[in-house]
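**Student:** Have a look at this one before I ask anything.
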Amino acid sequence: MSNTFKPAKIGITNLGGIDSRSAALEPGINILSGANATNRTSFLEALATGLGGSYSSVKSGEDAGSVIIQLGDEEYTREVTDKGANSVVSGDGYVDDVTDIAPFAWLFMDNDIRQAMRNLDTSGLADLAMLPVDKAAIEARERELVNQKQSLDEQIQEAKQKQDQEVLAQEELTSLEDRKAELEEKIAQKQEEIEAADDESSDQDERSKRLDTLSSDRKSLRGDLDDLEGKIERAKSRIESLEESRESTIADLEDARSAFGNLDVDPDAAEEQRREIQTRAERLNDTVSAIDSVVSFNREMLQDDQSALRERLAGSEGESDVQDITQQLSQGEIQEDASVNCWTCGSETSVADIEDQIRALSEQREALSEEADQLLDRASQLLDDAQRYRELEGEITRLENQKEDLKTQIEEKQSDIEEWKEERENTQQQIADLTEEIDELQSEIQEEDDEEDKIVSLKLERKDLEGDLSSVVKQIELEKEKLKEAEEAKENEEELEEKRESVQEELTSVREKISDLEEEVVERFNSHMEDLIDILDYGNLSRVYIDRKQETQRGTSETKFDLQIVRETADGSVVRDDLSNLSESEREVVAIAFALAGYLTHDISERMPFILFDSVEMIDGERLKRLLDYFEEDSEYIVAALLKEDADIVSGESTNTVAFDESALAD
């Protein structure tokens, strides 16, 4: 990295073990050289605190301390105040938040990544690796889209139910139209009869007027009664639709419960068993690989048996014996019972015995390989069972909620029907009362002249027919409204389907975006890890990389980053290993490499010009030199606390060395 910064001036007072100390850090590599317990760590922690962290504590016996960092024309001052059990840091650092910087840029002993590796806890590896990546907004959008999709599904289902009523409504409308035409024809006939009788009768008397009034009132009540009947019928139709939906839901729920009951699986136990089986399968595969190496080695030795025999015959007595056997070798006449020196134990054995041993190993290898495949199949089945368990569990909960919701809707409609029935009974009673009065009036009218009786009777019949016609017209309007709702539901369903498809596409895109971000981070991590492992050049540590996996727990898909370690064996073959099998120093090296890979992957140098190293004694001086030289191009200031012997190796012409000796204890 080009030297865009000037020397950084650091001033520290009453922090850690330091009374007062100042130093100038040059752009490039800066070495804090000295023995242990010379306040090098206190210096680094104070520097990290000044940059924006909270690492320093106040020196014992003091109330407060401070650190000042001067970068060119900019100066950053932070104060640390002793508050008993805690220290409070105030002032502005180089950055406001170091949450996603510290794990990758400040490699102290208590670094989160180093602690995780040291404690063999890699469960949070994905969260650490993705720390600088902002996934919160994307995941919030994902949840929002899932809710939208569920709402659209419910609206589509409701639209389909309305469409199911279309055929019934059309049939009822046709019947009502026929009834309307029939009533209109009868009314017209009655009107003709009334007009004919009017020519021969006198004007309507008071009784006729009263009869008209009563008939009009009864007609109005019948209209009200028809309205109530319409409400009741529509409510019954809605209840039938809801009952069908509820029965369908109950059937689905029973199916889900049956399937759930048939699952003899504890998902947590199944997952634990799957991991154990996976481990056993990996161990068997390791054994198979070892057998393959032994078989290949023995076959290569047998193919080279002629050379081996010549070497053995070098000790034979007499030149003629050598010539005879050499002739047999050249003519391919060495038999299976020929003897050779065993290259494993050194004793004399026959070629046939060695080939028998190779065959036995091959048979054992096939048996182990078959067993490993069976174990992997069982592990896959266990994973499928656990996933099915959680899917059914979620489906049962959803169906139970839906069943209860439908039950509530049915009860509400039934309550409405009871209320309307009571109102209908009251209306029917009023109609009966009017009818009784009308009948009484008609009896009186019967005593009048026959023509008037005839006219009144005809008008009553006409009124009744008109009342029936009015009722039919209202019912026709209701059925037309149902057809209109069904048509609107059909159009609405198409629109809802389009919206649902759009939401599903965006949901898929959002999920793919999260996956793409994770894949990109893994790819960059692995590339940088490979470079760093090559630079460190530990002979038996061939490769360290992240393996991204998707796991489903409790119906939710989660990403897991598995740390994979590949070793190179003495015979040159490579085998996978586990973090727990590494020594403490090897785990520290892997952790440092992982953190530095994150530093490069997330371009931390663009936000933090300092990279700090502490407690790196497990890496020898030559490797440290290569590592620091490598990062000189990616970080403006590299500050490493090293023992003097390592500092001497790392130091060069461009290296700035800050000495920390015993006198530093009294700074």
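Numbering (this note's numbering), first residue to last: 63 to 729.
Cβ atoms here follow ideal geometry from the backbone N, Cα and C, with glycine treated the same way.
1. Counting Cβ pairs closer than 8 Å, one from the stretch 676–686 and one from the stretch 699–709, do we hit at least three?
2. So, helix, strand or coil for ILE731, using DSSP?
3. Quick one, which of TYR607, GLU582, VAL583 has its alpha-carbon nearest MET591's?
4. Under the three-state reduction of DSSP, which class applies to ALA728: helix, strand or coil?
5. For LEU214, tell me which candidate among GLU254, GLU560, GLU291, LEU468 has the shortest Cα-Cα distance.
6. Should ARG524 and ILE249 be called a contact, given that it needs their Cβ atoms to be closer than 8 Å?
7. Can you say whether ARG284 is buried or exposed, counting buried as having 16 or more other CB atoms within 10 angstroms of its CB?
8. Pair every Cβ in the stretch 660–668 with every Cβ in the stretch 153–166, then say whether three or more of these pairs are closer than 8 Å.
9. Is it buried or exposed, ASP710, if we count other Cβ atoms within 10 angstroms and call 16 or more buried?
10. Would ILE43 pass as a contact of ALA448 if the rule is Cβ separation under 8 Å?
11. With a CB to CB cut of under 7 Å and the five nearest residues on each side skipped, what residues in its chain are close to GLU239?
12. For GLY394, name the three-state secondary structure that DSSP assigns.
13. If you follow the alpha helix (DSSP H) that ASP172 is in, where does it begin and where does it stop?
14. When the Cβ atoms of the stretch 305–321 are set against those of the stretch 464–475, are three or more pairs found closer than 8 Å?
15. Taking a contact to mean a Cβ-Cβ separation below 8 Å, would you say ASN718 touches GLY90 in this structure?
16. Terminal residues of the continuous alpha helix (DSSP H) containing TYR692?
17. Give the secondary structure of ASP439 by DSSP, where H, G and I count as helix, E and B as strand, and everything else as coil.
18. Under 8 Å, do VAL535 and LYS252 count as touching if we go by C-beta distance?
19. ILE507 and ARG269 - do their beta-carbons sit closer together than 8 Å?
20. Output yes or no for whether 8 Å exceeds the beta carbon distance between ALA321 and LEU454.
21. Work out the CA separation of ASP624 and GLY153 for me, nearest whole Å.
22. Using CA atoms only, rank isn't needed, just tell me which of LEU558, SER645, THR621, VAL651 is closest to ASP596.
23. For the beta strand (DSSP E) containing GLU141, list its first residue and its last residue.
24. Is GLU473 buried or exposed, if buried means 16 or more other CB atoms sit within 10 Å of its CB?
25. Which partner residues does SER477 have in the DSSP bridge list?
26. By the 10 Å Cβ neighbour count, where 16 or more other Cβ atoms means buried, how is GLU480 classified, buried or exposed?
27. DSSP three-state call for ALA191: helix, strand or coil?
28. Can the beta-carbon of LEU169 be found less than 8 Å from the beta-carbon of LEU674?
29. Am I right that SER118 and ALA108 are in contact with their C-beta atoms under 8 Å? What's the rounded C-beta distance?
30. Select from ALA313, ASN360, ALA318 the residue whose C-alpha is nearest the C-alpha of ASP415.
31. Within the continuous beta strand (DSSP E) that includes VAL46, where are the two ends?
32. Alpha carbon to alpha carbon, what distance is there between VAL583 and SER173?
33. Please report how far the alpha carbon of ALA191 lies from the alpha carbon of TYR699, in whole angstroms.
34. Using C-beta distances below 8 Å, list every residue in its chain close to ASP723, excluding the 5 sequence neighbours before and after it, in chain order.
35. Using DSSP's beta-bridge definition, name the partner residues of VAL129.
36. Keeping to the same chain, check which residues put their C-beta closer than 6 Å to that of ASN554; ignore five residues upstream and five downstream.
**Tutor:** Looking at the atomic coordinates:
1. As far as the Cβ criterion goes, the stretch 676–686 touches the stretch 699–709, which means the pair count is three or higher.
2. Within the shown structure, residues of the chain are numbered from 63 to 729, placing residue 731 beyond reach of any answer.
3. Considering only TYR607, GLU582, VAL583, the residue with the shortest C-alpha distance to MET591 is TYR607.
4. Low confidence applies to ALA728: its pLDDT is 40, below 50, so where it sits in the model is not reliable, and the reading given next is rough at best. ALA728 falls in the helix class under three-state DSSP.
5. The candidate whose alpha carbon is nearest that of LEU214 is GLU560.
6. Going by C-beta atoms, ARG524 is nearer than 8 Å to ILE249.
7. Counting Cβ neighbours within 10 Å, ARG284 comes out buried, since at least 16 surround it.
8. Flag = yes, the stretch 660–668 and the stretch 153–166 touch.
9. Counting Cβ neighbours within 10 Å, ASP710 comes out exposed, since fewer than 16 surround it.
10. With the chain covering 63 to 729 only, the question about residue 43 has no answer from this structure.
11. In the same chain as GLU239, and ignoring 5 residues on each side of it, the C-beta atoms closer than 7 Å to its own belong to ILE538, in chain order.
12. Caution is warranted here: a pLDDT of 46 is assigned to GLY394, below 50, making its placement in the model unreliable, and no coordinate value can be reported.
13. No alpha helix (DSSP H) contains ASP172, which DSSP labels as neither H nor E.
14. The stretch 305–321 makes contact with the stretch 464–475, as at least three CB pairs between them are under 8 Å.
15. Taking 8 Å as the cut-off, the Cβ atoms of ASN718 and GLY90 count as close.
16. Secondary structure note for TYR692: its alpha helix (DSSP H) is the uninterrupted segment 683–693.
17. Looking at ASP439 - three-state DSSP - the assignment turns out to be helix.
18. Taking 8 Å as the cut-off, the beta carbon of VAL535 is found no closer than this to the beta carbon of LYS252.
19. Going by C-beta atoms, ARG269 is nearer than 8 Å to ILE507.
20. Taking 8 Å as the Cβ cut-off, ALA321 and LEU454 qualify as a contacting pair.
21. Cα to Cα, the separation comes out at about 40 Å.
22. For ASP596, the nearest C-alpha among the options comes from VAL651.
23. Note, GLU141: beta strand (DSSP E), 136–145.
24. Classification of GLU473: exposed, given that the 10 Å Cβ count is below 16.
25. BP columns for SER477 are empty, so no partner.
26. Under this definition GLU480 is an exposed residue.
27. Helix, per DSSP.
28. When the beta-carbon positions are compared, LEU169 and LEU674 come within less than 8 Å of each other.
29. Going by Cβ atoms, the distance from SER118 to ALA108 rounds to 5 Å, so yes, they are a contact pair.
30. Nearest Cα to ASP415 within the set ALA313, ASN360, ALA318: ASN360.
31. The first residue shown for the chain is 63 and the last is 729, placing residue 46 beyond what the model contains.
32. Just to set this straight, residue 173 is Asn in the shown sequence, not Ser. The straight-line gap from Cα to Cα measures roughly 20 Å.
33. Their backbone Cα atoms lie some 23 Å apart in a straight line.
34. So the qualifying residues of the chain are GLY96, ALA97, THR100.
35. Its beta-bridge partners are ILE74, ARG140.
36. Answer for ASN554: ALA221, listed in chain order.
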